[in-house]
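Heads up, the thing below is written out as structure tokens.
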Amino acid sequence: MNPLNHVAIIMDGNGRWGLRNKNSRNAGHRAGLNTVEKIIKETIKSKVKFLTLYAFSTENWKRPKKEIKFLFKLLEDFLKDKVEDLNKQKIKLKIIGKKNFSSKLNNLLKLSEKKTKNNKRLQINLALNYGSKAELIDAFKELKKNNIIINEKNLSKYLQTRNIPDPDLLIRTGNTKRLSNFLLWQLAYSEIFFEKKLWPDFNEKDYNKIIRNYKSIKRNFGKI
Ligand code: FPP
């Protein structure tokens, strides 16, 4: 059976779920947050050590201002309400992506990271204002600036995911089959599962089914 150390998730389908069920995309994001909480609990049960969630991409800034504002308020309230609880559960929170939000949100994000930095049970990497191409370009620029030889090991050290093993498993919900500028380097050898259900409908049973399937796959990493 394959060990499972790191799960990455593209939580797609909130908008469609909201429109279908509540006539509001934002209601879908709120419902999506409930799924986030369920999946965190199940990830701990499965003894997975890293969970990376794609919460907001660099491309998501093209959405209507009202939706962006709602998403960040949801995030802010979530952190204010739950960081203590995450800390008690020994969860470490790490933000990947550029923290160039309002100073209020930046401070809250930094504080949440600082408060949970020594926790070891599960590390949640929240991808916020994250784009893989920008991350790679920044890493190459840093290598060049510091006159460091370009190789896989050195490049990995300059990515925002430094010190995080590559995902073993990527799940994308929402019946869409693309990577959307998410962890393009880090997903080179990950097993990818596309799930038809929209993120707010995704549940523990669906998650465990994917984990079971993943565990039964023969991973060759280029060998035979
Ligand atoms: C993609 O669905 C989802 C997002 C861009 C936001 C993800 C946010 C959450 C799950 C809730 C907030 C999370 C935290 C951790 C506070 P979409 O809106 O692109 O869906 P669509 O494809 O149906 O339009």
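What the sequence shown shows, in my numbering, is residues 204 to 427, in sequence order. Quick reminder that beta carbons are idealized off the backbone N, C-alpha and C, glycines included. In this text the structure is predicted, and so the values were computed from the model without any measurement.
Distances from the CB of D215 to the heavy atoms of the ligand FPP include at least one below 7 Å. Within the segment 387 to 419, the complete beta strand (DSSP E) segments of 3 residues or longer fall at 394 to 397, listed in chain order. Counting along the chain, S359 sits inside the alpha helix (DSSP H) bounded by residues 355 to 360. Taking non-hydrogen atoms of the ligand FPP into account, the C-beta of R219 is found less than 7 Å away from one of them.
Shortest gap from the CB of H209 to any heavy atom of the ligand FPP: 7 Å or more.
Here the segment 370 to 377 makes contact with the segment 208 to 217; the two share three or more CB pairs at distances below 8 Å. No heavy atom of the ligand FPP is found nearer than 7 Å to the CB of L308. Distance between K250 and R365, taken at the CA atoms: about 21 Å. Under the three-state reduction of DSSP, L372 is assigned to strand.
Selection Q389, L387, A391, Y417 evaluated against F397 yields Y417 as nearest (Cα-Cα).
With a beta-carbon spacing of about 18 Å, K225 and N406 fall beyond the 8 Å limit used to define contacts. Contact between the segment 229 to 249 and the segment 381 to 394 is absent: fewer than three C-beta pairs spanning the two stretches fall below 8 Å.
Under the three-state reduction of DSSP output, F424 falls in the coil class, being neither helix nor strand. Taking every protein chain shown into account, the CB of G425 has fewer than 16 other CB atoms within 10 angstroms, so this residue is exposed. Remark: the shortest separation between the CB of W402 and any heavy atom of the ligand FPP falls under 7 Å.
Counting along the chain, N217 sits inside no beta strand (DSSP E); it lies in the alpha helix (DSSP H) bounded by residues 217 to 225. Residue environment: E287 is assigned as exposed (fewer than 16 neighbouring CB atoms within 10 Å of its CB, all protein chains considered). Per DSSP, I294 lies in no alpha helix (DSSP H); the unbroken beta strand (DSSP E) holding it starts and ends at 294 to 299.
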